[in-house]
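FYI, the numbering for the sequence shown is 6 to 162, going by the working numbering.
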Amino acid sequence: MGSWSTVSRSSRQTMNWGKRLARLVQGGEIIGLVGELGTGKTCFVRGFAEGIGVGKDAWVRSPTFTLINEYSGRLPVYHIDLYRVSAPEQQESLDLRGYLYGNGVSLVEWFDYLPADLADEYLEVSLIHRGAAERELRFIAHGEQYQQLVERLREMA
């Protein structure tokens, strides 16, 4: 498991890291977003959506109440929020496996709420408060495919 960290000093920089990652994905990736409330998970997804070609008129927002937002770009984007979905039967009703292993890219906020048996390999993006506007972004690879993504992100720094 390889990892790499960088510091974002603004929401724009956080979005730019999302854009960079979007340029690298090919479909079928699982991106797990971990962090406290207000660390920039949805901001990262906005950048990702822009980078993958989701139109400017799409309103990329946290799916806290809708649970899953789907966007069309170069690849389908599945923005999933598990904050309010804790019971296994609730998660089963969402058909998470269908999204996670489909042709698109799944970005899962509150990824640590996902049952461990649903994703063996994934890229964890951990966002950590380091001040009022400063965030540490940690990219942690779980699997060879994701190790390559982390290495390519490091090269883009």
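From the three backbone atoms N, C-alpha and C, an ideal C-beta is built for every residue, glycine too.
A quick note: this is a predicted structure, and the numbers were derived from the prediction, not measured.
In the three-state reduction of the DSSP assignment, THR44 falls in the coil class, being assigned neither a helical nor a strand state. By the criterion of a C-beta distance shorter than 6 Å, VAL30 is surrounded in its chain by VAL110, once the five residues flanking it on both sides are discounted.
Between GLY60 and GLY23, the C-beta spacing is not below 8 Å. Taken atom to atom, the span from the alpha-carbon of GLU141 to that of TYR83 is near 24 Å.
Minimum Cα-Cα distance from ILE133 among the listed residues LEU42, VAL50, ASN21, GLY33 corresponds to LEU42. Taken in chain order, the complete beta strand (DSSP E) segments of 3 or more residues contained in the segment 8–43 are 8–13, 35–39. If you draw a straight line from the Cα of PRO81 to the Cα of GLU75, it comes to about 7 Å. A distance of 8 Å or more separates the beta carbons of TYR151 and GLU114. In the DSSP assignment, TYR151 falls within the alpha helix (DSSP H) that extends over 149–161. ARG51 and THR44 have their C-alpha atoms spaced approximately 14 Å apart.
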